[in-house]
Amino acid sequence: METAELKKQLKKQIVEFLNLTSVNPDDIKDDEPLFGEGLGLDSIDSIELIVLLFREYGINIQDPKEGRKVLVDINTMVDYIEKNRTK
Amino acid sequence: MLYIHRTACISPQQSFGEVDIERLNESVENKLHAVEPKYEGIPPGLLRRMGKAVRIGVGAALPLIKQSHMPDGIIIGTANGGMEDCIKFLNQIIEYEEGMLTPGNFVQSTPNAIASQVSLMTANKNYNITHVHRGLAFENAIIDALMHVRENPSHSYLLGAVDEISAYNYNIDYLDGWYKRESVSNKTLYTTNSPASLAGEGAAMFLVSGKPENAIAKLSAMHTIHTGDEDLVREQLKNFVANNLTGNQQIDLFITGENGDNRLQKYYDACEDIVSTDTTIARFKHMSGEFPTASALALWIACWLVQHQQLPSHMIKKSSNQNQTEQILIYNNYKGTQHSFMLVSKI
């Protein structure tokens, strides 16, 4: 899958998994912070995102430090998925 | 005796904000879904994780708490709580073979999520409890509030009830024969002459205390009974009225939970027997649909009626010459086994 296509798919999955009903997936910028400013996600969302990576891409993040580096924005997530996906 | 100071209700009718219960919203596919407001008091981050039961419960409760001082307790009745989210979570356990599960559905799906979310959002560390006695969940919450108020009349409590239509509950109750098989509109619910009713949902909240100052209504008495015997229900209702009305008082309005299920009609007929010809008889299940805590909506309607003295024409089953509505008797039953009586008075 092309990187651009993967980004589009991931944005849709984030909106769906986190029930971000007021967010249009296409409006999420690739370098927009997921937590704090930007999308404004919180700690429970980080667990939901880790589950998303496991279910959709077969990636099991167990180290919280690693999670902090991955769950920064769409660019970092897609980069990690492309390198580590098992499905 | 409970004095009711403020009320709020999210129901299938326009009962929240600008109340207009004269206009009847119609059912869709045998269901009466709650008309949800914009929930301006709930942060978007919390709102998106809430299932409908939590949303409507918290949405109805918050305005009452914000308009007053911190209540001394939060007492909620719900038969099922957030069943939709609960089933989502259970399905995930099966689908992902007890592997990695998301916490949101689990956290929000327990019946006490409603009372606890209200508590967390208002930083209320007082008494907090949820009663889950099926069709008498709200009545048991009332009993709890009555006991508290008896001990501490000056304390105030948030008392309420919530239930939602979930796909799971609807399907189970449909298969069990509690929802109509044929397509029926709530506008013709009482003329169907067939078993079962329409599905409904809603949340009604009340700020109550033992002090009459600034109260809008008084819940003078409440009684519950488990039975399938309509003669026993009639006898107990007769005693309930006799024990709680003084000589010169009479029932001005009798609100029943008649729900278009011809198997349950015998209970409503039996109870209508005991009221005089001077009593207006009204129904409300065409507004709310049937659900385990629908009696809370009946109490909300009774409070609204004693305040505004305007009985919507679509509620009337039998009119009378009564000009004033001061004493309201409510009778409800759930699935023909759980019955409750309430006596509501104008202050």
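Residue numbers (this note's numbering), protein chains in the order written: chain A, 1 to 87; chain B, 1 to 347. For glycine and all other residues, C-beta sits at the position ideal for the given N, C-alpha and C.
C-beta neighbour in chain B for residue i, strict 7 Å
| i | result |
| --- | --- |
| residue 47 of chain A | yes |
| residue 19 of chain A | yes |
| residue 35 of chain A | no |
| residue 15 of chain A | no |
| residue 70 of chain A | no |
| residue 23 of chain A | no |
| residue 78 of chain A | no |
As assigned by DSSP and simplified to three states, the class of residue i
| i | result |
| --- | --- |
| residue 67 of chain B | coil |
| residue 232 of chain B | helix |
| residue 174 of chain B | helix |
| residue 89 of chain B | helix |
| residue 279 of chain B | coil |
| residue 10 of chain A | helix |
| residue 1 of chain A | coil |
| residue 339 of chain B | strand |
| residue 55 of chain A | helix |
| residue 14 of chain B | strand |
| residue 344 of chain B | strand |
| residue 97 of chain B | coil |
| residue 75 of chain B | strand |
| residue 2 of chain B | strand |
| residue 61 of chain A | coil |
| residue 327 of chain B | strand |
| residue 268 of chain B | helix |
| residue 226 of chain B | strand |
| residue 243 of chain B | helix |
| residue 81 of chain B | coil |
| residue 16 of chain A | helix |
| residue 255 of chain B | strand |
| residue 35 of chain B | coil |
| residue 163 of chain B | strand |
| residue 49 of chain A | helix |
Test: residue i CB closer than 7 Å to a CB of chain A
| i | result |
| --- | --- |
| residue 121 of chain B | no |
| residue 263 of chain B | no |
| residue 153 of chain B | no |
| residue 48 of chain B | yes |
| residue 100 of chain B | yes |
| residue 103 of chain B | yes |
Cβ-based burial, residue i [other Cβ within 10 Å; buried from 16]
| i | result |
| --- | --- |
| residue 23 of chain B | exposed |
| residue 344 of chain B | buried |
| residue 77 of chain A | buried |
| residue 11 of chain A | buried |
| residue 247 of chain B | exposed |
| residue 140 of chain B | buried |
| residue 269 of chain B | exposed |
| residue 181 of chain B | exposed |
| residue 175 of chain B | exposed |
| residue 61 of chain B | buried |
| residue 251 of chain B | buried |
| residue 76 of chain B | buried |
| residue 164 of chain B | buried |
| residue 4 of chain A | exposed |
| residue 1 of chain A | exposed |
| residue 381 of chain B | One cannot answer for residue 381 of chain B here, as it falls past the ends of chain B, which runs 1 to 347. |
| residue 94 of chain B | exposed |
| residue 74 of chain A | buried |
| residue 45 of chain A | buried |
| residue 191 of chain B | exposed |
| residue 319 of chain B | exposed |
Near the ligand FAD: residue i beta-carbon under 6 Å from a heavy atom
| i | result |
| --- | --- |
| residue 331 of chain B | Absence of the ligand FAD from the depicted structure is noted, as is the absence of any ligand whatsoever, leaving it without description. |
Indicate whether the contact test is met: 3 or more Cβ pairs, each with one atom in the region 24-39 of chain A and one in the region 58-69 of chain B, closer than 8 Å.
-> Under the three-pair Cβ rule at 8 Å, the region 24-39 of chain A does not count as touching the region 58-69 of chain B.
Would you call the region 143-150 of chain B and the region 101-118 of chain B in contact, with 3 or more CB pairs under 8 Å?
-> Because the criterion of three Cβ pairs below 8 Å is not met, the region 143-150 of chain B and the region 101-118 of chain B do not touch.
Taking contact to mean at least 3 C-beta pairs separated by less than 8 Å, is the region 115-124 of chain B in contact with the region 52-65 of chain A?
-> Contact between the region 115-124 of chain B and the region 52-65 of chain A is absent: fewer than three C-beta pairs spanning the two stretches fall below 8 Å.
Can at least three beta-carbon pairs, one atom from the region 221-230 of chain B and one from the region 31-44 of chain B, be found at a separation below 8 Å?
-> Fewer than three Cβ pairs drawn from the region 221-230 of chain B and the region 31-44 of chain B lie within less than 8 Å of each other, which leaves the two stretches out of contact.
In chain order, which continuous runs of the beta strand (DSSP E) of length 3 or greater are located wholly inside the region 188-218 of chain B?
-> DSSP assignment within the region 188-218 of chain B yields the following whole beta strand (DSSP E) runs of 3 residues or more, N-terminal first: 202-209.
Validate contact between the region 300-311 of chain B and the region 184-194 of chain B using beta carbons, cut 8 Å, 3 pairs | Segments in contact, no.
If we count Cβ pairs, one from each stretch, closer than 8 Å, do we get three or more for the region 268-286 of chain B versus the region 313-323 of chain B?
-> Counting C-beta pairs closer than 8 Å gives three or more between the region 268-286 of chain B and the region 313-323 of chain B, which meets the contact rule.
Decide yes or no for the touch test of the region 257-276 of chain B against the region 320-333 of chain B: beta carbon pairs closer than 8 Å, at least 3 of them.
-> Yes: the two stretches touch, three or more of their Cβ pairs being nearer than 8 Å.
With a cut-off of 8 Å, do at least 3 Cβ pairs link the region 199-209 of chain B to the region 291-301 of chain B?
-> As far as the Cβ criterion goes, the region 199-209 of chain B touches the region 291-301 of chain B, which means the pair count is three or higher.
Tell me the start and end of each unbroken beta strand (DSSP E) in the region 108-142 of chain B that is at least 3 residues and wholly inside, in chain order.
-> List check, beta strand (DSSP E) in window: 127-131.
How do the region 201-219 of chain B and the region 150-162 of chain B stand: do at least 3 beta-carbon pairs fall below 8 Å, yes or no?
-> Contact between the region 201-219 of chain B and the region 150-162 of chain B is present, because at least three Cβ pairs lie under 8 Å.
Does the region 107-114 of chain B come within contact of the region 76-92 of chain B, defined as at least 3 CB pairs closer than 8 Å?
-> Yes: at least three Cβ pairs fall under 8 Å.
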